[in-house]
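Chains as they are written, first to last, in this note's numbering: chain A, 35 to 254; chain B, 35 to 254. Note that beta-carbon positions come from the ideal geometry of N, C-alpha and C, so glycine has one too. These numbers come from a predicted model, not from an experiment. Report on the following structure.
There are 2 protein chains.
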Amino acid sequence: MGAMSNVERAVSALRQMIFAGELPPGSDHLETELAEKLGMSRTPVREAALMLQAQGLVEMRPRRGIRISPVSATDMAEIYDILTELESLAAARAAEAQYSKADLATLATAIRDMDAALAADDLRAWAEADDRFHRELVRLGRNARLSMVVSVMRDQVRRARATTLFMRPKPKQSNEDHRVVYQAIARGDAKTAHDTHHAHRQAARDMLVALLEKHQFHGL
Amino acid sequence: MGAMSNVERAVSALRQMIFAGELPPGSDHLETELAEKLGMSRTPVREAALMLQAQGLVEMRPRRGIRISPVSATDMAEIYDILTELESLAAARAAEAQYSKADLATLATAIRDMDAALAADDLRAWAEADDRFHRELVRLGRNARLSMVVSVMRDQVRRARATTLFMRPKPKQSNEDHRVVYQAIARGDAKTAHDTHHAHRQAARDMLVALLEKHQFHGL
DNA sequence: GTATGCGTTTGTGTATACATTAACGCACGA
DNA sequence: TCGTGCGTTAATGTATACACAAACGCATAC
């Protein structure tokens, strides 16, 4: 149970602090500083930082500390382009896999939750269910590497979403798209699943990038 | 000029040994062992291993050493699926970017070199030029993250290619495909660039996977 | 006021020490 | 012969020590 190394603890603690905004994008932090804050020596902190760096969450620069990576509008455009392609592939593969209704239960639940959240005007719950839908979709695509790449990219999106979630229009079309994708997967229609999800993501991309550019979050 | 840290040295030395087959896939190596071989302490070796692990080249398992990741036929299928999508996107973006003939010189050269290598029956030179073509194609797509993901995936392909290069049929169709993609990019035809490259990669994938499965390189 | 150079400070990169804990072997019992 | 349990061994995870080099401040010169 408590078989968790300090490195693992450091990774999740740092991730949490980054996502919570406690370590704001662009800020620098010395290894010693973080080590003290986490109650461990520099060694595991360094190793954790190395892993987070590989995922693009931080950058280690000699003598300037560990910098929490900023996410610009350009970055977001890059990330969404990748997500668009890889998730759409996953959707197509999921459709080809001929899953049973039972296998798709998690997707169905996520869709229902999104509808409910939208009706209740609970954007935070909506975002959580949306995440769940996309995560499950990728899992059904059955490509471990793809899942990993997507999850790294989605981490970045999550960071940006913290600032954009309440600025954007109600995601009504989004729910409709998800339903179409779900049905296409259920009946084994790979092309529709792929193309619908592709358009869905591309629309999200354009909306988000416009939003970020308008609000000049270039270096946030 | 010696401005190279031991970690950097360890990373490139290990990469080289892995690609050269000196550290065969599936083999285990203790940190101490590698440290001694590289003439440094365990610390930089550990950090290097951590980075290579993030790229999927090794796996660190407590008490069992650093394992050089095997590449199975399934892995190759996963990897090619990702490459197919991302490179095709890059091709489309490159076409949209309206590059001049001069900008595309590197692509043209790579194509010429591949023709020459094919005529001379020099498969190794062909593979090198092929790599060059794909790398430049992705670079022209102008997505830094995509480039990074693709280069990690291509590293894995390179490892498998060492064993498959001389088993597969002459890549004649391949050269023809590249030429079509090049021309599509030159005239700004994103759809043709995308679709042609997509089919090109998918064909390569099917051929390679069949080859690997046939020769039962499941755990190599 | 601005620029240049030197001394100091301080963070990092690396080596090393050490405790912990998993793997291995061996003995013992069934 | 095979399985089980314990003791030993040894590899890792983490802490710590230390040298080097870069950043900063201050003084001096223009």
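**Prompt:** Do the CB positions of residue 78 of chain B and residue 47 of chain B come within less than 8 Å of each other?
**Reply:** no
task = Would you kindly check if the distance between the Cβ of residue 228 of chain A and the Cβ of residue 256 of chain A is under 8 Å?
result = Residue coverage of chain A in this structure runs from 35 to 254, which leaves residue 256 of chain A outside it and unanswerable.
Does the Cβ of residue 212 of chain A have 16 or more other Cβ atoms within 10 Å, making it buried, or fewer, making it exposed?
buried
Quiz item: Is it buried or exposed for residue 167 of chain A, if we count other Cβ within 10 angstroms and need 16 for buried?
Solution: A buried status is given to residue 167 of chain A, since no fewer than 16 other beta-carbon atoms sit within 10 Å of its beta-carbon.
- request: Starting from residue 85 of chain A, find everything on chain B with Cβ-Cβ shorter than 7 Å and list it in chain order.
  value: Neighbours of residue 85 of chain A across chain B, judged by C-beta separation under 7 Å: 84 and 88.
Tell me the rounded alpha-carbon separation between residue 74 of chain B and residue 40 of chain B. 7 Å
Output, in chain order, the set of chain A residues within a Cβ distance shorter than 7 Å of residue 113 of chain B. 179
### Query
Along chain A, in chain order, which residues have C-beta atoms closer than 8 Å to that of residue 183 of chain B?
116 and 183
query: Of all Cβ atoms in chain A, is any one closer than 8 Å to the Cβ of residue 64 of chain B?
result: no
So residue 38 of chain B is in the beta strand (DSSP E); what residue range does that whole segment cover?
No beta strand (DSSP E) holds residue 38 of chain B; DSSP gives it neither H nor E.
Taking DSSP as the reference, what is the three-state secondary structure of residue 105 of chain B?
-> Taken through DSSP and simplified to helix, strand or coil, residue 105 of chain B comes out as coil.
- Looking at the structure shown, is residue 155 of chain A part of a helix, part of a strand, or coil, going by DSSP? coil
| Is the shortest distance between the beta-carbon of residue 123 of chain B and the beta-carbons of chain A less than 8 Å? | True, the Cβ-Cβ gap to chain A drops below 8 Å.
- prompt: Could you give the C-beta distance for residue 171 of chain A and residue 128 of chain A, rounded to a whole number, given that I count them as a contact under 8 Å?
  reply: 7 Å
Let me know if residue 190 of chain B comes out buried or exposed under the rule of 16 or more other beta-carbons within 10 Å of its beta-carbon.
buried
Bridge partners of residue 62 of chain A, per DSSP? A:101
Between A:121, A:76, A:61 and A:64, which lies nearest to residue 165 of chain A when the distance is taken from Cα to Cα? A:121
* Asked: By Cβ distance, which residues of its chain are closer than 8 Å to residue 200 of chain B, with the 5 residues on each side in sequence left out?
  -> 157
Inset, instruction - Using a Cβ-Cβ cut-off of 8 Å, state whether residue 68 of chain B counts as contacting chain A. - result: no
Can you round the beta-carbon distance between residue 100 of chain A and residue 94 of chain A to whole angstroms, since I take them to be within the 8 Å contact cut?
5 Å
Determine the contact status of residue 195 of chain B and residue 244 of chain B, defining contact as a CB-CB distance below 8 Å. no
Nearest candidate by alpha-carbon position, reference residue 181 of chain B, set B:119, B:215 and B:235:
For residue 181 of chain B, the nearest C-alpha among the options comes from B:119.
* Interface partners of residue 119 of chain B on chain A, CB under 7 Å -> Residues of chain A passing the Cβ test: 119, 120 and 123.
- For residue 67 of chain B, the three-state DSSP class (helix, strand or coil): Correct three-state label for residue 67 of chain B: helix.
(request) Starting from the beta carbon of residue 81 of chain A, find every residue of chain B whose beta carbon is closer than 8 Å, and list them in chain order. (result) 80, 81 and 84
Can you tell me where the beta strand (DSSP E) with residue 93 of chain A in it begins and where it stops?
92 to 95
query: Residues in its own chain within less than 7 Å of residue 241 of chain A by CB, not counting five upstream and five downstream?
result: If you ignore the 5 residues before and after residue 241 of chain A, its C-beta comes within less than 7 Å of the C-beta of 202, all in its own chain and listed in chain order.
What is the rounded straight-line gap between the Cα of residue 218 of chain A and the Cα of residue 177 of chain A? Residue 218 of chain A and residue 177 of chain A have their C-alpha atoms spaced approximately 19 Å apart.
inquiry  = For residue 51 of chain B and residue 135 of chain B, I'd like the C-alpha separation in whole angstroms.
reply    = 38 Å
Straight-line Cα distance separating residue 231 of chain B from residue 239 of chain A
24 Å
Hey, how far is the Cα of residue 185 of chain B from the Cα of residue 104 of chain B?
18 Å
### Query
DSSP on residue 25 of chain B, reduced to helix/strand/coil?
Since the displayed chain B opens at 35 and closes at 254, residue 25 of chain B lies outside it and no answer follows.
Which whole-angstrom value is the C-beta distance of residue 179 of chain A and residue 113 of chain B, which I expect to be below 8 Å? Yes, residue 179 of chain A and residue 113 of chain B are in contact; Cβ-Cβ is about 6 Å, under 8 Å.
Requested in this report: Classify residue 96 of chain B as buried or exposed, calling it buried when 16 or more other Cβ atoms lie within 10 Å of its own Cβ.
Outcome: exposed
Task: Straight-line gap, residue 205 of chain A to residue 72 of chain B (C-alpha atoms, nearest Å) - done: C-alpha of residue 205 of chain A to C-alpha of residue 72 of chain B: approximately 55 Å in a straight line.
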